[in-house]
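For reference, the structure is listed below as structure tokens.
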Amino acid sequence: MTLSNIQQRIPNRYVLGLLRFFGLFNAFILRANLSIAIVAMVTPMNETTSNNIMPAGFLATKYGGRILFGGSIGLCAFLTLFTPLCAQAGSEALIFLRLLEGLVSTCAYPALHDIWSKWAPKSDKSTFATFAFSGAYLGTFIILMFGGVIAADWSWEWAFYLSGLFCLVWTAIRFYFTAELPSTHETISEEEAKYIEENRDQAISQIDTIPWKDIFTSLPVWAIIAVHFGTNWSLFLIFNEFPTFLVKSLGFRVDSADSMAALLWLLLPVTVYAAGIISD
Numbered sequence: 001m002t003l004s005n006i007q008q009r010i011p012n013r014y015v016l017g018l019l020r021f022f023g024l025f026n027a028f029i030l031r032a033n034l035s036i037a038i039v040a041m042v043t044p045m046n047e048t049t050s051n052n053i054m055p056a057g058f059l060a061t062k063y064g065g066r067i068l069f070g071g072s073i074g075l076c077a078f079l080t081l082f083t084p085l086c087a088q089a090g091s092e093a094l095i096f097l098r099l100l101e102g103l104v105s106t107c108a109y110p111a112l113h114d115i116w117s118k119w120a121p122k123s124d125k126s127t128f129a130t131f132a133f134s135g136a137y138l139g140t141f142i143i144l145m146f147g148g149v150i151a152a153d154w155s156w157e158w159a160f161y162l163s164g165l166f167c168l169v170w171t172a173i174r175f176y177f178t179a180e181l182p183s184t185h186e187t188i189s190e191e192e193a194k195y196i197e198e199n200r201d202q203a204i205s206q207i208d209t210i211p212w213k214d215i216f217t218s219l220p221v222w223a224i225i226a227v228h229f230g231t232n233w234s235l236f237l238i239f240n241e242f243p244t245f246l247v248k249s250l251g252f253r254v255d256s257a258d259s260m261a262a263l264l265w266l267l268l269p270v271t272v273y274a275a276g277i278i279s280d
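Each residue of the sequence shown is one higher than the one before, starting from 1 at the first, in full-length UniProt numbering.
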């Protein structure tokens, strides 16, 4: 069976969902690699990244989520390859590089929402979105489980080289198999394209006025912000500090400490995806 025949048999929105899953899988590998490699590098230092400091949602609406999603992760992967060089140059160079990585990777989530607004039928939108989100937590689990082994048995530099190269390969595959809209995809069937077009949410026009007052005075919006803030605070505190705590305070080896930290992320992909199915 040829590759084209396989593409015709599998609905393209499912292929797209799998690629988005590995997109966030890769994005969080790139975020987590320093938190596990830093234990084997030098004395503890602060990691500085940037989150959502760019109007990525507007960029995705204007230029399309396909380019922004793949481009942001691909560029972050390319910058990751320079981490060992910047680390050897000094903490200032490393912090600047991580700032750049945070700046470009912040586009991933807004771009993902733009993509699903064009590709996901309303009845499956939460399922597709949370399936992609679960890739982020599985990526964290994988890099924490095996990153410490790589740093201990090879060298800490390889934690960055392997993750960067893997993400660049994904970027090339993703651009080859995806399109901005169902109507412009080369291999999608007319039946699937029509089904998506007729059952997706109506897109917001670029000339529509954004109701800023209604947004900032909405209690549900502030409730979501509070939950998201608390969730990310706890997740990234564990994300960045737990491996170092296990090694420096409790005396764990680097490889065993990262494996222990990885267990905290094991069930998250399942629960996140299950929540999406329940929501739909």
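Beta carbons: idealized from backbone N, C-alpha and C, even for Gly.
Here the structure is a predicted model, which is why all the values come from computation and not from measurement.
Per-residue DSSP class, three states only, for residue i
{"i": "T211", "result": "Per the sequence shown, residue 211 should be read as Pro rather than Thr. In the structure shown, P211 sits in coil (DSSP, three-state: anything other than H, G, I, E or B)."}
{"i": "S259", "result": "helix"}
{"i": "A120", "result": "coil"}
{"i": "T244", "result": "helix"}
{"i": "G17", "result": "helix"}
{"i": "I150", "result": "helix"}
{"i": "D280", "result": "coil"}
{"i": "P11", "result": "coil"}
{"i": "W156", "result": "coil"}
{"i": "A77", "result": "helix"}
{"i": "I188", "result": "coil"}
{"i": "F229", "result": "helix"}
{"i": "I250", "result": "The sequence as given places Leu at residue 250; Ile does not occur at that position. L250: coil per DSSP, three-state reduction."}
{"i": "D114", "result": "helix"}
{"i": "R200", "result": "coil"}
{"i": "S126", "result": "helix"}
{"i": "A179", "result": "coil"}
{"i": "G135", "result": "helix"}
{"i": "T271", "result": "helix"}
{"i": "T83", "result": "helix"}
{"i": "G90", "result": "coil"}
{"i": "E106", "result": "The residue you asked about is not Glu; residue 106 is Thr in the sequence shown. Coil."}
{"i": "L266", "result": "coil"}
{"i": "T217", "result": "coil"}
7 Å CB neighbourhood of residue i in its chain, flanking five on each side removed
{"i": "V221", "result": "I215"}
{"i": "I196", "result": "R13, W119, P121 and P182"}
{"i": "L266", "result": "F141"}
{"i": "S50", "result": "Interpretation of S50 is limited by its pLDDT of 45, a score under 50 that renders its predicted location unreliable; no figure is taken from the coordinates."}
Cβ shell of residue i (< 6 Å), same chain only, five flanking positions each side left out
{"i": "V272", "result": "T130, F133 and S134"}
{"i": "S126", "result": "G276, S279 and D280"}
{"i": "A262", "result": "F141, L144 and M145"}
{"i": "A179", "result": "H185"}
{"i": "W170", "result": "F22 and N26"}
{"i": "residue 281", "result": "The requested residue 281 is not part of the displayed model; the chain covers only 1 to 280."}
{"i": "A159", "result": "N33, A37, G147, I150 and A151"}
{"i": "A93", "result": "C86"}
{"i": "A274", "result": "none"}
Inter-residue CB distance, residue i and residue j (contact presumed, cutoff 8 Å)
{"i": "L19", "j": "F177", "result": "6 Å"}
{"i": "L68", "j": "C107", "result": "5 Å"}
{"i": "A226", "j": "A151", "result": "A226 to A151, Cβ: 36 Å. No contact."}
{"i": "residue 319", "j": "S123", "result": "Shown here, the chain extends from 1 to 280; a query on residue 319 therefore has no answer."}
{"i": "D201", "j": "S117", "result": "6 Å"}
{"i": "L168", "j": "G71", "result": "Between G71 and L168 the Cβ distance is about 12 Å, and since that is not below 8 Å, they are no contact."}
{"i": "L30", "j": "C86", "result": "In fact, because the Cβ distance is near 14 Å, the residues do not count as touching under 8 Å."}
{"i": "G147", "j": "N33", "result": "6 Å"}
{"i": "P11", "j": "E157", "result": "Rounded, the Cβ-Cβ distance is 41 Å, inconsistent with contact."}
{"i": "L264", "j": "I238", "result": "6 Å"}
Same chain only: Cβ atoms within 8 Å of residue i, ignoring 5 sequence neighbours per side
{"i": "G17", "result": "F128, F131 and A132"}
{"i": "F252", "result": "L246 and M260"}
{"i": "S249", "result": "none"}
{"i": "I173", "result": "L19"}
{"i": "L97", "result": "L79, F82, T83 and C86"}
Within-7 Å CB hit, residue i to chain C
{"i": "A132", "result": "Of the protein chains in the structure, only one exists, and it is not chain C."}
Touching by the beta-carbon criterion (3+ pairs, under 8 Å), the region 14 to 25 and the region 119 to 138 = yes
Segment contact flag, the region 79 to 87 with the region 157 to 164, C-beta cutoff 8 Å, min 3 pairs | yes
Is the region 230 to 244 touching the region 109 to 117 in the sense that three or more CB pairs, one from each, lie closer than 8 Å?
-> no
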